[in-house]
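>
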Amino acid sequence: MQEYPQTLIGRTTAEVREAVTAAGLPAYRGSQVGEWLYRRTLPGEGGGFGADFAAMTDLPQTARAELAARFGAPVLIPGEQRTDRRDETVKILARLADGGHPIECVLLPDERRVSVCLSTQAGCPMACAFCATGTQGLTRNLSAAEIVAQFLLLQSRSARRISHVVLMGMGEPLLNYENTLKAIRILSAECGIAMRHITLSTVGIVPQMDRLAQENLQITLAVSLHAPTDELRRRLVPVAKTYPLDRLMDTCRRYAAHTHRRLTFEYVLLREVNDRPEEARELAALLRGVPAAVNLIPYNPTAVAEPFQRPGPERIAAFRKILEQAGLTVTQRKERGRQIAAACGQLVTEATRRTPKKTLPVLAGVA
Ligand code: SF4
-6 MQEYPQTLIG
4 RTTAEVREAV
14 TAAGLPAYRG
24 SQVGEWLYRR
34 TLPGEGGGFG
44 ADFAAMTDLP
54 QTARAELAAR
64 FGAPVLIPGE
74 QRTDRRDETV
84 KILARLADGG
94 HPIECVLLPD
104 ERRVSVCLST
114 QAGCPMACAF
124 CATGTQGLTR
134 NLSAAEIVAQ
144 FLLLQSRSAR
154 RISHVVLMGM
164 GEPLLNYENT
174 LKAIRILSAE
184 CGIAMRHITL
194 STVGIVPQMD
204 RLAQENLQIT
214 LAVSLHAPTD
224 ELRRRLVPVA
234 KTYPLDRLMD
244 TCRRYAAHTH
254 RRLTFEYVLL
264 REVNDRPEEA
274 RELAALLRGV
284 PAAVNLIPYN
294 PTAVAEPFQR
304 PGPERIAAFR
314 KILEQAGLTV
324 TQRKERGRQI
334 AAACGQLVTE
344 ATRRTPKKTL
354 PVLAGVA
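All residue numbers for the sequence shown refer to my numbering, where the first residue is -6 and numbers rise by one.
(1) Rounded to whole angstroms, what is the Cα-Cα separation between alanine 182 and arginine 226?
(2) Taking the continuous alpha helix (DSSP H) assigned at isoleucine 198, which residues delimit it?
(3) What number of angstroms, rounded off, separates the C-alpha of glutamate 317 from the C-alpha of valine 159?
(4) Is leucine 1 near phenylalanine 64, with beta carbons less than 7 angstroms apart?
(5) Tell me whether threonine 113, by its Cβ, gets closer than 6 angstroms to a heavy atom of the ligand SF4.
(6) Closer than 6 angstroms: is that where the CB of glycine 130 sits relative to any heavy atom of the ligand SF4?
(7) Let me know the secondary structure DSSP gives threonine 132 once reduced to three states.
(8) Between leucine 101 and glycine 282, what straight-line distance do the alpha-carbon atoms span, to the nearest angstrom?
(9) Looking at the strands, I want to know which residues DSSP matches up with glycine 93.
(10) Could you tell me if tyrosine 248 is buried or exposed, where buried requires 16 or more neighbouring beta carbons within 10 angstroms of its beta carbon?
(11) Which first and last residues belong to the alpha helix (DSSP H) in which leucine 229 is found?
(12) Measure the C-alpha to C-alpha separation of isoleucine 212 and threonine 252 and round it to an integer number of angstroms.
(13) Taking C-alpha atoms, which residue in Gly185, Gly164, Glu165, Phe312 lies nearest to histidine 157?
(14) How about alanine 90 and isoleucine 70: are their beta carbons less than 7 angstroms apart?
(15) My guess is that serine 112 and glutamine 143 are in contact by the Cβ rule of under 8 angstroms, so how many angstroms apart are they, rounded?
(16) Around the Cβ of arginine 22, are there at least 16 other Cβ atoms within 10 angstroms (buried) or fewer (exposed)?
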């Protein structure tokens, strides 16, 4: 059983009240602490990012000291931060406070919204062929506190309120089900992010998708498809050997019927691998009758074993046109943060190169 740092981050306000009461303080102090933790967004003490009790100025000095002694452990150690001045994308390399494992989180502001991309695992066991994280394996699941702390850290570095969350960084969220669900509930109920503004991206863990449907959350489920046939998908996304497309698509239909939510299908475009007109036609046929939008993600080259290429604009446009002519809603992921290491995971990749090898995984999460 993983031991996580003692912190109040990652607990609901009701749980914070319980913890504060157990520390000998009146329950209403817990409500104040919850307010500070999730809605006032403090920069965090010292070198680590955790609950900053010293800044909770409406609590008595003695209460602050008591809470800091019990729950003051840092959750994340923020490291290198890079900002792309062209689009204000901010990428932070953070280390888990209990072992130094690196993760990345990203702030993506635009005119209309402020989105963040959070990691749910340190490393990832899914081994997708185009993803650097996948070559490193799983280090461990993140706690709900470590997921929520990424949000709070990014909020503390943003002048505007965060409005949208995507769980699309390092890791497969549905393999860290309990912690991810707890983090989603806290982000919604405590941090004020509407469920409809939260997207969970999965590579297609069928039993957990069925379980998620039963939670009746109004989040968006994004399924990383990347191939329209089992043969190609098994090559790109090894979990397809366990969950072939017919099972996956049945599950997607059930999910949509149960939640009344349209799914998003993520499709990384790899030149001459999955970006031909025939694959576009197969994809359109596969998604027929599924309430779906397709998000095309032109590949960002990273340091992975297979030398995948990014398709040129004409190939992307031709692929998109076939899908649209088939009646599908298609979006294309915007290029963000190119100047600061475009592909997800490059900060971690670079940190890995600079640090003696051992437990440092690499992130390129597009699933
Ligand atoms: S693409 Fe996502 S699921 Fe696949 S290995 Fe990378 S982080 Fe894991």
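All residues carry an ideal CB built from backbone N, CA and C; glycine is no exception. For clarity, every value in this text was computed on a predicted model and none was experimentally measured.
This is what the structure holds:
(1) Numbered from its first residue, the sequence shown carries residue 182 at position 189. Numbered from its first residue, the sequence shown carries residue 226 at position 233. Taking the straight line joining both Cα atoms gives about 37 angstroms.
(2) Taking the first residue of the sequence shown as position 1, residue 198 is located at position 205. Where isoleucine 198 is concerned, there is no enclosing alpha helix (DSSP H), given that its DSSP letter is neither H nor E.
(3) If you number the sequence shown from 1, residue 317 lands on position 324. If you number the sequence shown from 1, residue 159 lands on position 166. Rounded to the nearest angstrom, the two C-alpha atoms are 25 angstroms apart.
(4) Within the sequence shown, the letter at position 8 stands for residue 1. Within the sequence shown, the letter at position 71 stands for residue 64. Yes. Within cutoff.
(5) Residue mapping note: residue 113 aligns to position 120 of the sequence shown, counting from 1. Relative to the non-hydrogen atoms of the ligand SF4, the Cβ of threonine 113 never comes closer than 6 angstroms to any of them.
(6) As a working mapping, residue 130 is identified with position 137 in the sequence shown. If you check the C-beta of glycine 130 against the ligand SF4, you find no heavy atom less than 6 angstroms away.
(7) As a working note, residue 132 is residue 139 in the sequence shown. In the structure shown, threonine 132 sits in a strand (DSSP, three-state: E or B).
(8) Translated into positions along the sequence shown, residue 101 becomes position 108. Translated into positions along the sequence shown, residue 282 becomes position 289. Linking leucine 101 to glycine 282 through their CA atoms gives a straight-line distance of about 32 angstroms.
(9) Along the sequence shown, one-based indexing puts residue 93 at 100. Among the bridge pairs identified by DSSP, glycine 93 is matched with none.
(10) Along the sequence shown, read from residue 1 onward, the residue named residue 248 stands at position 255. With 16 or more Cβ atoms within 10 Å of its Cβ, tyrosine 248 is classed as buried.
(11) In the sequence shown, the residue the question calls residue 229 occupies position 236. Looking at the DSSP string, the run of the alpha helix (DSSP H) that includes leucine 229 is 223 to 229.
(12) Indexing the sequence shown from 1 puts residue 212 at position 219. Indexing the sequence shown from 1 puts residue 252 at position 259. Rounded to the nearest angstrom, the two C-alpha atoms are 9 angstroms apart.
(13) Position 164 of the sequence shown, counting from 1, holds the residue named residue 157. When only C-alpha atoms are compared, the closest one is Gly185.
(14) Here residue 90 refers to the residue found at position 97 when the sequence shown is read from its first residue. Here residue 70 refers to the residue found at position 77 when the sequence shown is read from its first residue. Yes, these two residues count as a Cβ contact at 7 angstroms.
(15) Looking up residue 112 in the sequence shown gives position 119. Looking up residue 143 in the sequence shown gives position 150. Rounded, the Cβ-Cβ distance is 7 angstroms, consistent with contact.
(16) Walking along the sequence shown from the start, residue 22 turns up at place 29. By the 10 Å Cβ count, arginine 22 comes out buried.
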